[in-house]
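See structure below.
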Amino acid sequence: MRGLSVFISDIRNCKSKEAEIKRINKELANIRSKFKGDKTLDGYQKKKYVCKLLFIFLLGHDIDFGHMEAVNLLSSNKYTEKQIGYLFITVLISASSDLMKLVIQSIKNDLNSRNPVHVNLALQCVANIGSREMAENLGTEIPRLLVSGDTIDSVKQSAALTLLRLLRTSPDLIQMGEWTSRVIHLLNDQHMGVVTSAASLIEALVKKNPEEYKGCVSLAVSRLSRIVTSSYTDLQDYTYYFVPAPWLSVKLLRLLQNYPPPEDPAVRTRLTECLETILNKAQEAPKSKKAQHSNAKNAVLFEAINLIIHMDSDPNLLVRACNQLGQFLQHRETNLRYLALESMCLLATSEFSHEAVKKHQETVITSLKTERDVSVRQRAVDLLYAMCDRTNAEEIVAEMLEYLESADYSIREEMVLKVAILAEKYAVDYTWYVDVILNLIRIAGDYVSEEVWYRVIQIVINRDDVQGYAAKTVFEALQAPACHENMVKVGGYILGEFGNLIAGDPRSSPIVQFELLHSKYHLCGAATRGLLLSTYIKFVNLFPEIKSSIQEVLKSGNNLKNPDVEIQQRSMEYLQLSTVATADVLATVLEEMPPFPERESSILAKLKKKKPSSVPETAETKEHKHIPQAQISNSVEHASSPPSSQHSTPSNTGASVDLLGLGTTLGSKPTTASGLLVDVFADNFPPASSNGLESSGLTMGADESYKKFVCKNNGVLFENDILQIGVKSEYRQNLCRLGMFYGNKTSFHFTAFSVEVECPAPLDNQLNIQPKPVGTVIEGGAQVQQIFNIEAVQEFSDSPIIHIKFLYSGAQQKISLKLPVTVNKFIESVEMDSSTFFARWKALCGPQQESQKIFRAQHPMDAEQTKAKKSTDWLFSTVRTKSAGSNVSFDSKSDWFVWLFALSLSLFVLFYSLCSSPCFTLFAPPLPSLLLLYTLSFFSFFHATLDLQVFIVDGGGMVLSHLLLFLKIFLLFFFLFLSFFSFFLFSLSFFLFSLSFFLFFFSFFLSFFFSFFLSFFFSFFLSFFFSFFLSFFFFLSFFSTLLFILFYYSLYSFFSFFPFLSLLFFFFFFFFFF
Amino acid sequence: MMQFMLLFSRQGKLRLQKWYVAHPDKVKKKITRELVTLVLARKPKMCSFLEWKDLKIVYKRYASLYFCCAIEPADNELLTLEIIHRYVELLDKYFGSVCELDIIFNFEKAYFMLDELMLGGEVQETSKKNVLKAIAAQDLLQEESEEPKGILEEIGISFPS
């Protein structure tokens, strides 16, 4: 067919895909026009075009015509045309095609042909298509061909396999019936090809109906025996690379695997001999170096081992098989290593060879580590899994864990499952199990499926002895800087359940546990966060002392306003639960998880689902009884949120509950354990209903105004368009006088006005309420008063409800309100002095009378912050410093004032001293001001030292605070200098004053003495002259002193006035502004 | 039982496909694409067997051609490898040191030969001699029928009769 060759060459020469398509389209158009043209085509042309179409189709293009021409070819007498026709049909025509009838007709014709080549073509076509329609039409004809005496061998072969194909597609249509024994006896056929084909057919028939074909066992054994014992020269062309008839041998061995070991001892011995021979041959030196020889030989060997494993009766054979495979484990052919590992997997499940397989553990582990092909490593993992038992579990699991770190991603998940199963199945010590699983999560967290970590939690919960260890281990594992989310899940869950077991250790105290978990919170996904929130609420129950920190977390906007509804709801509900519920309720709600019902491991189910073939069933069942079976019923996730699951309880009772509405109500204390959830959740805050009444029967909005009265005695309790209700109440001891004022806001009458008081169950014994009667009519715009006398008999938690009913313009109005009577109103203050107080205080020592509350500071004590605050608010805000055991607080405002005051005062003193210096300062001694100055400088000194202490303790701080500190210190020294300087001036002035005083008196005495004394010796004139001179001197001195005094006082009054003024100004300034 | 056999070149071009189970064309193309990429990605020293979905894939490379068979889990991998080898031997014998081009230009012959070796996914005739004998008989019939054809008919011109 040159045309076809030319076309193929053209296609191959096409440079691009486009050119190829162009060429093909051109050819398709050509063929189409040829087929459609009126000129009749002869067989050869048809064949050529059909062949081209076939080629185009095989190139991957769609062919939508030419089928008819191909069917026409089938009826051609020429063999090649027929052959191409059949080829086209087998490749292109689908079983449902309309043309199938025509095709089957042609096939029938050919089957009846006397030319065996034509018969074969037809049979091959049937075998290739194998549709149901063919089975219906040809189901009787083909078996007849198979067993007929005059059919030639090659037709028999084709007929056998064609029949097999039809048997597979439509087993119900092929009835062998009376031909059974003749089919079986095909195994004895002289022609090896016939036997090969027939063996396949018989195997299929045996699978369908083992009893009917039981006779084939002995025939197959004898045939196998003959092949195995024959020399490779005996079978001529059926010997394949020195291996006698490998295909037939394998088929016979497979056939025998459909039956249990033969009962007939002769057959059985013969079969055992065959198997031994095959094993022996494997030990012989290879007859050829070619791979084909070894492949064929080993193919037979592996099939024989499969049969040995299947029979599972001869320990000797099993062990030999195992040893043989052990040799293959180190074979240089990758294929053989692969197959050896695969077959050993099966051997490991047999009780006879299990021990023998275990001998190769080291080799398998080596191959796990050194094999370059992932599929071989996968087999090694499978084998390790299969050979694992109680004795070597720890070692194998350790090896697998080690390998897991570097394992291929494609097999990790399966490995994780396997390790988890092995660890669980063979765990003697459950601490080991916990370690293994945590390691798994650490190494391959991404591949740890939900089932695995559910399972570890199940087991920890079901086994008391391991809980403490598990808590400790997860706590340690969580301390790693980077944890996998699955680790956080496991850690969160286990700490939530069993965190109390390790809380005794200060290194894992409740707050440490909580903070550790919470440090991971922000790195986790929504599901994990939900789980952690559940853990937190469990912590509230386990460790009440960290309740406030947990509430902080629950309260944070990130949680309460989280876009994820689940997280939002959980934090909201848990927050309310922790706020409202008492310890008892919490303990009941958050009780430890009950043990899980024991069921088959969910991991195992998962592995089975993933790889049905790789889980050896027998090993499973053997070990079953040892496994501590537990199963998480639905999922841990569901169980991990006990409060959410509890929601159903109250809603069953009819009072629908929304925790979102929960608020703080004082004294709501559920008394009974049963239904306490209903109490907490349902009583106070039912959701609003549509008819203007809340479902507990209260009018809308009544609750909000009721809450206002918790701390208030008078006010408006209720108001709507027509009615306003005011309350005035007085309390004395256990008595209350409560006045209700009903104000009619309309201009119409309220008629049939009535007020009823309802005290629900426990309250009627606790409160005694006596309402004064009220008139039935309230006129428009009028206000009516009703007095209630209430006596508190014992403490109570709920409030009475009043129902107000009246008719307004003919319509019945009903308002239900809570009477604002709360237990705190009856609490009175008691006057007492300190001794009585302490006497009473000490009397309170009973355990119920004690209550302790530990709470977290509103603002953390941050040294950095404090310092910053102190320096920036130096002027105007309060700084408190603690010193020497007593609290000394300096108000910096007054501090500042003191400084200024001291400054002005010292300036004043300075002027004062300066003024007094020139002459005596007898009339204005600056001593008191000096004393004041000394006091001030002492205070400033004290203050500055304190600051200095703070400065030293803080180890430095902001520059600003340094500056201020140095300013203070400077002022301190300035004051000291001033005081010393003024003291110096004072002393100087005192000295000068004394000196002038002395001079005055001295001159006076001197003049007096001289005048008196000289009068005795000298003449009067002279004495007069002297005395006059001295008197003059005296007067001079006297006047000069007088002048000085005058000058001094004028100066003094002037200068002393000025500082006094400035002082006044400062006073004024400070009092005015601060 | 063999499910299908694929022949493709190192460039991933499919040269021959034989399906022993019925699949829609789309599925066939998908499977082919998947397997071609899977097998071509494997390194030379790796093992010739693969687990793929619930089937086993046995492949072998001859020069630039990959022969790839899908068999059921119970089937013998080594022997499947030898079926491939036998098929290659047959092609080699028939074409005389076969190459990819022989299979491209005589694809129908390759199909016929495979039909003789295997039928319905099972080995039919393992004797090389017998298969070649059958193919030779076919060729003989072909030559007989083609003898009277003239060169003119070959190029599509025929005399009106």
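In order, the protein sequence lines correspond to chains V and P. Quick note on this note's numbering: the first sequence kicks off at 924 and runs consecutively. Quick note on this note's numbering: the second sequence kicks off at 25 and runs consecutively. Just so it is clear, CB atoms sit at the ideal spot from N, CA and C, and this is done for glycine as well. Please read these numbers as outputs of a predicted model, since none were measured by experiment.
At least one CB atom of chain V sits nearer than 7 Å to the CB of residue 139 of chain P.
Residue state for residue 26 of chain P is assigned as strand, using DSSP reduced to three classes.
Measuring C-alpha to C-alpha distances from residue 1125 of chain V to each of V:1365, V:1400, V:1088 identifies V:1088 as the nearest. Residue 1396 of chain V is outside the set of residues whose beta carbon lies under 7 Å from a beta carbon in chain P. For residue 47 of chain P, no chain V residue has a C-beta closer than 9 Å to its own C-beta; the minimum C-beta separation is roughly 10 Å. Contact annotation for residue 1160 of chain V against chain P: 151, 152, 153, 154 [CB-CB distance below 8 Å, chain order]. Using beta-carbon distances, residue 82 of chain P does not count as an interface residue toward chain V, since no partner is under 7 Å.
Sequence-distant partners of residue 1346 of chain V (beyond 5 residues in either direction) whose C-beta falls short of 7 Å from its own C-beta, in its chain, are 1320, 1356, 1359, 1360.
Of all residues in the stretch 44-77 of chain P, those with a C-beta nearer than 7 Å to a C-beta of chain V are 46, 69, 70, 71, 72, 73, 74, 75, reading in chain order. At a cut-off of 7 Å between C-beta atoms, residue 144 of chain P counts as an interface residue with respect to chain V.
For residue 1691 of chain V, the enclosing beta strand (DSSP E) covers residues 1690-1694.
For the set V:1130, V:1755, V:1187, V:1111, the Cα lying nearest the Cα of residue 1150 of chain V is the one of V:1111. Ranking V:1410, V:1061, V:1260 by CA distance to the CA of residue 1363 of chain V puts V:1410 first. V:1445 is the residue among V:1380, V:1445, V:1438, V:1381 whose C-alpha sits nearest the C-alpha of residue 1408 of chain V. Residues of chain P with a Cβ closer than 7 Å to the Cβ of residue 1050 of chain V are, in chain order, 143, 144. In this model, residue 1746 of chain V and residue 1636 of chain V are separated by some 13 Å (Cα to Cα). Nearest neighbour of residue 997 of chain V by Cα position, chosen from V:1033, V:965, V:1271, turns out to be V:1033.
Under the 7 Å criterion on CB atoms, residue 28 of chain P is classed as non-interfacial with respect to chain V.
With respect to chain V, the C-beta atom of residue 35 of chain P has no partner C-beta closer than 7 Å. Secondary structure within the stretch 1637-1689 of chain V: the alpha helix (DSSP H) runs of 4 or more consecutive residues, fully enclosed, are 1686-1689 (chain order).
The distance from the Cβ of residue 1090 of chain V to that of residue 143 of chain P is about 13 Å, inconsistent with a contact at the 8 Å cut-off. Going by DSSP, residue 1491 of chain V is part of the alpha helix (DSSP H) stretching over 1488-1503. Going by beta carbons, residue 1658 of chain V and residue 1714 of chain V fall inside the 7 Å limit. A check of alpha carbon separations from residue 1401 of chain V across V:1438, V:1371, V:1163, V:1692 identifies V:1438 as the nearest. In the three-state DSSP reduction, residue 80 of chain P falls in the strand class (E or B). Membership of residue 1714 of chain V in any alpha helix (DSSP H) is not indicated; the residue belongs instead to the beta strand (DSSP E) covering 1706-1715.
Taking the beta carbon of residue 1165 of chain V as reference, no residue of chain P falls within 7 Å; the closest one sits roughly 13 Å away. Interface criterion not met: the Cβ of residue 1064 of chain V is under 7 Å from no Cβ in chain P.
Under the three-state reduction of DSSP, residue 1446 of chain V is assigned to coil, being neither helix nor strand. Under DSSP, the beta-bridge partners assigned to residue 1701 of chain V are V:1673. Annotated three-state conformation of residue 1009 of chain V is helix, per DSSP. For the stretch 1210-1225 of chain V, the residues whose beta carbon sits under 7 Å from a beta carbon of chain P are, in order, 1215, 1218, 1219, 1221, 1222, 1225. When rounded, the separation of the alpha-carbon atoms in residue 160 of chain P and residue 1163 of chain V is 22 Å. Against chain V, the beta carbon of residue 128 of chain P has neighbours under 8 Å at 931, 935, listed in chain order. Contact check for residue 1062 of chain V against residue 1027 of chain V fails: the beta carbons are separated by 7 Å or more.
Shown here for residue 1779 of chain V: same chain residues with a beta carbon closer than 8 Å to its own, the five before and five after excluded, namely 1471, 1472, 1475 in chain order.
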